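J.: Before I ask anything, let me first share the structure, which is written out below as structure tokens.
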Amino acid sequence: MKVLTFRSNEEMSKEAADMIANTLHTTETPVLGLATGSTPERLYEILIERCKKGEITFQHASTFNLDEYVGLAGDDVNSYRHFMNENLFKHIDVKKENTYIPDGMTEDPEAECTRYEAKLQEAGGADVQILGLGLNGHIGFNEPGTDFDSRTHVVTLDETTREANARFFDKMEDVPTHAVTMGIDSIMDAKEILLLVSGEKKADILRKVVEGEVTNDVPASILQKHPNVTILTDIQL
Ligand code: GLP
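Be aware that the sequence shown starts at 38, since it is given in my numbering, and climbs by one per residue.
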């Protein structure tokens with residue numbers, strides 16, 4: 038794992054944008070794995086600016102998001118579909134039909150997982166996968182204890198994760214209890230992984246990810262086994 042440390046979230050986001058621009062420039066039909074959360078927000082703004090200036094294009098790209106809450110419709114302000122539309126897709130030239138996010142309103146979440154995983158495989162997996170890091174070490178919504186060989190699956194969210202994400206909802210009861218997430222193995226299939234970690238409160242968990250043992254108690258620790266991972270952070274380890 039390569040660890041790049043920056044003085045600010047701004048510098049971290051610029052470097053991540055450069056790396057994604059490189060994939061867009063060098064890949065005929067780029068497949069981007071995308072994440073939600075506050076960490077990549079600035080990165081998405083920079084990508085939008087560069088697309089508007091004509092420096093990059095998403096015309097030939099397809100995107101696969103890591104996860105979605107079960108029970109939230111795409112137009113719900115708290116759904117990840119809504120987050121992605123507002124924070125990236127509607128401002129860039131990506132074809133809407135090439136933006137994939139699990140359907141949170143499906144009648145049959147298990148079937149949705151199979152469908153989503155098949156789509157991802159069909160696209161050949163992500164050329165570059167962006168990841169954030171949960172306070173408990175989760176990636177996507179793969180909570181501690183998740184099997185490393187998991188593919189896209191339905192998860193019960195940890196109470197700590199629901200609490201961490203409650204800030205976006207009116208009240209705690211509104212925070213979904215379940216989500217569909219790419220599995221750890223689906224994530225590990227990506228050719229390149231960029232793990233973005235910002236803010237001192239993630240220092241302890243980041244240390245475990247980088248220096249600790251590889252254990253499914255800390256899902257992101259599996260990244261130590263991936264051949265092409267860059268951690269971009271504004272935390273001084
Ligand atoms: C969320 C998402 C993750 C995200 C993480 C960190 O629960 N499911 O994909 O990376 O938590 O979020 P943030 O960047 O807001 O700290």
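Yeah, the Cβ is synthetic: ideal placement off N, Cα and C, and Gly gets one too.
These numbers were taken from a predicted model, which means no experiment stands behind them.
With a threshold of 16 other CB atoms inside 10 Å of the CB of Val212, please say whether the residue is buried or exposed.
T.: As a working mapping, residue 212 is identified with position 175 in the sequence shown. Buried, by the Cβ-count rule.
J.: Let me check understanding here. Comparing Cα to Cα, which of Cys150, Glu144, Lys51, Ser50 lies closest to Tyr137?
T.: As a position in the sequence shown, residue 137 is number 100, starting the count at 1. Distance from the Cα of Tyr137 is smallest, within the candidate group Cys150, Glu144, Lys51, Ser50, for Cys150.
J.: So for Ile176, helix, strand or coil by DSSP?
T.: By 1-based counting over the sequence shown, the position of residue 176 is 139. The answer is strand: DSSP assigns Ile176 an E or B state.
J.: Would you say the stretch 224 to 240 touches the stretch 155 to 170, given that touching needs at least three Cβ pairs under 8 Å?
T.: yes
J.: Whole angstroms is fine: what's the gap from Val40's alpha carbon to Leu274's?
T.: Translated into positions along the sequence shown, residue 40 becomes position 3. Translated into positions along the sequence shown, residue 274 becomes position 237. Approximately 10 Å between the Cα atoms of the pair.
J.: Have a look at Leu71, Pro77, Phe126, Glu48 and flag the residue whose alpha-carbon is nearest the alpha-carbon of Glu105.
T.: The residue labelled residue 105 in the question sits at position 68 within the sequence shown. The candidate whose alpha carbon is nearest that of Glu105 is Leu71.
J.: Threshold first: 3 residues or longer. Then list the beta strand (DSSP E) segments lying entirely within the stretch 41 to 122, N to C.
T.: 68 to 71, 99 to 102, 104 to 106
J.: Which partner residues does Ala216 have in the DSSP bridge list?
T.: Here residue 216 corresponds to residue number 179 of the sequence shown, with the count starting at 1. Tyr106, Val192, per the DSSP bridge assignment.
J.: For Lys39, does the three-state DSSP call read helix, strand or coil?
T.: As a first step, residue 39 is located in the sequence shown; it is residue number 2 there, counting from the start. If DSSP states are grouped into helix, strand and coil, Lys39 belongs with the strands.
J.: Using a Cβ-Cβ cut-off of 6 Å (strictly less than) and excluding sequence neighbours within five positions of Tyr153, which residues of its own chain qualify?
T.: Within the sequence shown, residue 153 is the residue found at index 116, counting from 1. The answer, listed in chain order, is Pro139, Thr189.
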